[in-house]
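Have a look at the structure below before the remarks.
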Amino acid sequence: MNNDTCYANTGHGPLFSFIDIGLKDKVVLIEAETAFWSIIKVDAVPEVLSKDFIKNFNNERQSLLTEMNHLRFGLKPTAVYINPTDRCNFNCSYCYLPEDLRKNGEKMTNETLFKILDKVHGELTAKENQKENPKGNSNFKPQIIFHGSEPLLAQDVVFSAIENFSSKFRFGIQTNASLLNERSIEFLTKHGVGIGISLDAADEESANDIRKNWESHGAYDNIVKSIDALKGYPAFNVITTITQKNVNKLVEMVEFLHSKRVGIAMLNPVRCTQKGGDQIKADEQLMIKYFTAALDKSYELYKKTGHKLVIANFANVLAGIIAPTGRRLMCDISPCGGGRCFVAIAANGDIFPCSEFIGIREYLSGNILQDKDSIATAINHPAMKSITTRSIEKIDPCKTCSIRHFCGAACPAELASVHGSISVPSIYCKFIEEQIRYAFRLIANGEEDAFLWNSWKEETEETLFITGQVPGKF
Ligand code: SF4
Ligand code: SF4
Numbered sequence: 003m004n005n006d007t008c009y010a011n012t013g014h015g016p017l018f019s020f021i022d023i024g025l026k027d028k029v030v031l032i033e034a035e036t037a038f039w040s041i042i043k044v045d046a047v048p049e050v051l052s053k054d055f056i057k058n059f060n061n062e063r064q065s066l067l068t069e070m071n072h073l074r075f076g077l078k079p080t081a082v083y084i085n086p087t088d089r090c091n092f093n094c095s096y097c098y099l100p101e102d103l104r105k106n107g108e109k110m111t112n113e114t115l116f117k118i119l120d121k122v123h124g125e126l127t128a129k130e131n132q133k134e135n136p137k138g139n140s141n142f143k144p145q146i147i148f149h150g151s152e153p154l155l156a157q158d159v160v161f162s163a164i165e166n167f168s169s170k171f172r173f174g175i176q177t178n179a180s181l182l183n184e185r186s187i188e189f190l191t192k193h194g195v196g197i198g199i200s201l202d203a204a205d206e207e208s209a210n211d212i213r214k215n216w217e218s219h220g221a222y223d224n225i226v227k228s229i230d231a232l233k234g235y236p237a238f239n240v241i242t243t244i245t246q247k248n249v250n251k252l253v254e255m256v257e258f259l260h261s262k263r264v265g266i267a268m269l270n271p272v273r274c275t276q277k278g279g280d281q282i283k284a285d286e287q288l289m290i291k292y293f294t295a296a297l298d299k300s301y302e303l304y305k306k307t308g309h310k311l312v313i314a315n316f317a318n319v320l321a322g323i324i325a326p327t328g329r330r331l332m333c334d335i336s337p338c339g340g341g342r343c344f345v346a347i348a349a350n351g352d353i354f355p356c357s358e359f360i361g362i363r364e365y366l367s368g369n370i371l372q373d374k375d376s377i378a379t380a381i382n383h384p385a386m387k388s389i390t391t392r393s394i395e396k397i398d399p400c401k402t403c404s405i406r407h408f409c410g411a412a413c414p415a416e417l418a419s420v421h422g423s424i425s426v427p428s429i430y431c432k433f434i435e436e437q438i439r440y441a442f443r444l445i446a447n448g449e450e451d452a453f454l455w456n457s458w459k460e461e462t463e464e465t466l467f468i469t470g471q472v473p474g475k476f
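Our numbering puts the first residue of the sequence shown at 3, with every later residue one more than the last.
As structure tokens, then:
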């Protein structure tokens, strides 16, 4: 772009658009390509289209673009999701893994898991890998997240790995909590393991109806006991999957989790990667209604009590707007984190861009147990590459959507299953649009801190080399 360009929206000038955020006197000005934005008073529109503003913007534009491109294409994996077993003791209808795998799949041995961890550690801490990453320093520890199926069905193997590799990795575990008990919680917290627990409703009847084992029994009592036992543990969160069955119970869920002093929760729409999820997908308008009501409730309770319950998937959208490097999750950007920030390894060693792909064989990108394969070869595999080079600029209507770099048109695994193509917009397009409008309203009203985890500012500063962009308010 020519720095002498003095006009927006014509010739070589930057392409600005305005979006309505539901406020009478303010709109958002966005330059979509760089994700630059500014909240402006409606009567200041002539000012931002002035020659001075355009010149100043043009002076900054190239560096904003470079930073955005680095965030989108310049990172390398620092984490691996590992399914230590394919099997699960639960049979949730919306699971992203095929039923046969959950019933009859494999379980890793100690030897296998240790071999994988050794190999993965060597690769993720290699010098050429670290220098590309924001936290590239000698204290860098890659992250391993034991995921499912139900990783605690392989508790012996998982715990032994945590004990033996705690100096090399930071660990996390995502569990249905049915097998958690006092001793396992003590072990996990003693080793500083991040713990995510799944719970879909505040009341026992609904929770046990939505998530149940092969004999149709839920684990509500044990889940609540575990939540109580984990009170005050900082690396703990609860994940709620939104479906037709609980969409109207999100406010109650927030009240319940807040009453238990949970600090971080996620209210994630069900992924439709398997048919079961697609069949119980909630109506999008209802999702918008109840999700925003749940956000309002979390704000109200915070103001009333001083205890903050962060809805992390929304906080991630908000952080992605305020400072792209403040993101903790990598679904809301295109290409998404699958294959770029992390990879997933199934119980037989197969490598995929993300756990969400484990049931889709076309995206198999190698096997970590084979000498010829590694994370590096997997990243260069055409299947993985198709995800890491997925370009939102080639998707209709995302390519002209002003909020495309806050949305990301997730999730490619879900889209591959539902539409047979990853070059299509998100199945939750309207839902994410409304979250982004809600986020901008908060920023315009100066309320964003109440929705973000407390350390977000420091974390953003740590990784500021990716982007120095500090969006302005007029
Ligand atoms: S999925 Fe929808 S909101 Fe997201 S970038 Fe595409 S058009 Fe925009
Ligand atoms: S968008 Fe889907 S494939 Fe990408 S990181 Fe998120 S869950 Fe995984």
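Idealized CB from N, CA, C, for every residue including glycine.
All values derive from a computational prediction rather than experimental measurement.
Strand pairing of residue i, partner residues [DSSP]
| i | result |
| --- | --- |
| A81 | Q145 and F344 |
| I197 | I175 and F238 |
| P271 | I244 |
| E33 | F18 and F38 |
| T87 | K109 |
| I313 | A267 |
| D352 | N369 |
| F92 | N215 |
Close beta carbons around residue i, own chain, < 7 Å, minus the five adjacent residues each side
| i | result |
| --- | --- |
| R443 | I23, G24 and L25 |
| V420 | C274, D280 and I429 |
| M332 | C338, G339 and C343 |
| A163 | L115, F116 and L119 |
| R185 | none |
Beta carbon of residue i nearer than 7 Å to that of residue j
| i | j | result |
| --- | --- | --- |
| I175 | L201 | no |
| A385 | S357 | no |
| P153 | P86 | yes |
| V240 | V264 | yes |
| I377 | E125 | yes |
| H260 | L232 | no |
| Y96 | I362 | no |
| G340 | I397 | no |
| D182 | S228 | Sequence check: residue 182 is Leu here, not Asp. Going by C-beta atoms, L182 is nearer than 7 Å to S228. |
| I41 | K57 | no |
| I98 | I147 | In the sequence on display, residue 98 carries Tyr and not Ile. No, they are not a contact pair. |
| C413 | P79 | no |
| A317 | R329 | no |
| V253 | A295 | yes |
| E108 | N350 | yes |
| S151 | C94 | no |
6 Å CB neighbourhood of residue i in its chain, flanking five on each side removed
| i | result |
| --- | --- |
| Y9 | G15 |
| I348 | According to the sequence provided, residue 348 is Ala. The question's Ile does not apply to it. Correct list, in chain order: N85 and I360. |
| S19 | I32 and S404 |
| V483 | A query on residue 483 cannot be resolved here, the shown segment of the chain reaching from 3 to 476 and no further. |
| V30 | I21, I23, W39, I41 and F442 |
| I335 | G410 |
| T379 | G368 |
Under the three-state DSSP convention, the category residue i falls into
| i | result |
| --- | --- |
| E122 | The question names Glu, but residue 122 in the sequence shown is Val. V122 falls in the helix class under three-state DSSP. |
| V47 | helix |
| I389 | helix |
| I360 | coil |
| D298 | helix |
| I324 | helix |
| N369 | strand |
| K28 | strand |
| P136 | Model confidence at P136 stands at a pLDDT of 49, short of 50, so the residue's coordinates are unreliable and nothing is read from them. |
| I282 | coil |
| T12 | coil |
| Y98 | coil |
| Q471 | Unreliable positioning characterises Q471 in this predicted model, as indicated by a pLDDT of 26, which lies under 50. A coordinate reading is not provided. |
Close-in-space but distant-in-sequence residues of the same chain around residue i (CB under 8 Å, 5 per side omitted)
| i | result |
| --- | --- |
| I290 | K432, F433 and E436 |
| K117 | L371 |
If we require 3 or more residues per run, which beta strand (DSSP E) segments fall completely within the segment 212-269? 238-244
Starting from the N-terminal side, write out each stretch of the beta strand (DSSP E) that is 3 residues or longer and does not extend beyond the segment 153-195. 172-177
Contained alpha helix (DSSP H) runs [length at least 4] in the segment 382-456, N- to C-terminal order: 384-390, 406-409, 414-421 and 431-446
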